[in-house]
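J.: In my numbering, the protein residues as written are 30 to 193.
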Amino acid sequence: MGIGDAGLFRATVPVFLHYLGRLNSIIAKAPDTALASRLTEDTGTAAEHFATAQGFTLRTVFPLIGRDAPELPETALAARADTARAHLTPLTEADFAGATTRTITHTAGFAELRQTADTFATCYGLPNFFFHLTFGYATLRAQGVSIGKSDFDGQHSYPPGFRF
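Here's what the structure looks like:
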């Protein structure tokens, strides 16, 4: 049994809006040199991972509602996040009517996929968003940027200097 049309809305739009805000908070703390760094030489930069995460918000939501995903401008990361938020903010549960009846055909790397809306959102869109957000975050941490779990999720609170 799937999560339903309203469940698809709740699992995507509010989550993406929240984490786009978190992403802007994280980038505000990162110097350009850290954003241009890579975790390993064969990966994208932190900025590239964040830009990809931003793109996944629209690439996930818009096929679910039967619309083409808008393109994000090649601008600064904060402006891209603001543009993504502007596309997502007006959406409501009503926009997702019939979403669970859709089959989403798309490309993942070199794979051609055909997925139910539930599977597309929960096994492709959301995980890819969080993969790139986390990869960018880890890259910044490896560069010594002073960010933590509370910056990532906006939920946790720790005293200064706290370590696990």
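By construction, the Cβ of each residue, glycine as well, lies at the ideal position given by its N, Cα and C atoms. Computed from a predicted model, the values in this text were never measured in an experiment.
CB-CB under 7 angstroms to P76, same chain, minus the five flanking residues each way: which ones, in chain order?
T.: For the sequence presented, residue 76 should be read as Ala rather than Pro. Excluding positions up to five away in sequence, the list reads L64, A65 and L106.
J.: What does the alpha-carbon distance come out to for the pair A110 and G165?
T.: Straight-line Cα distance between these residues: approximately 14 angstroms.
J.: Check T69 in the structure and name its three-state DSSP category.
T.: It is coil, neither helix nor strand.
J.: Starting from H47 and walking both ways along the beta strand (DSSP E), at which residues does that stretch end?
T.: Taken as a continuous stretch (DSSP letters only), H47 belongs to no beta strand (DSSP E), being part of the alpha helix (DSSP H) at G33 to A57.
J.: Alpha carbon to alpha carbon, what distance is there between E70 and T129?
T.: Rounded to the nearest angstrom, the two C-alpha atoms are 40 angstroms apart.
J.: Mind checking F191: buried by the 16 CB within 10 Å criterion, or exposed?
T.: Exposed is the call here.
J.: Taking T163 as the reference, which of I55, A98 and I32 has the closest Cα?
T.: Ranking I55, A98 and I32 by Cα distance to T163 puts I55 first.
J.: In or out: A108 buried (at least 16 other Cβ within 10 Å) or exposed?
T.: Per the 10 Å Cβ criterion, exposed.
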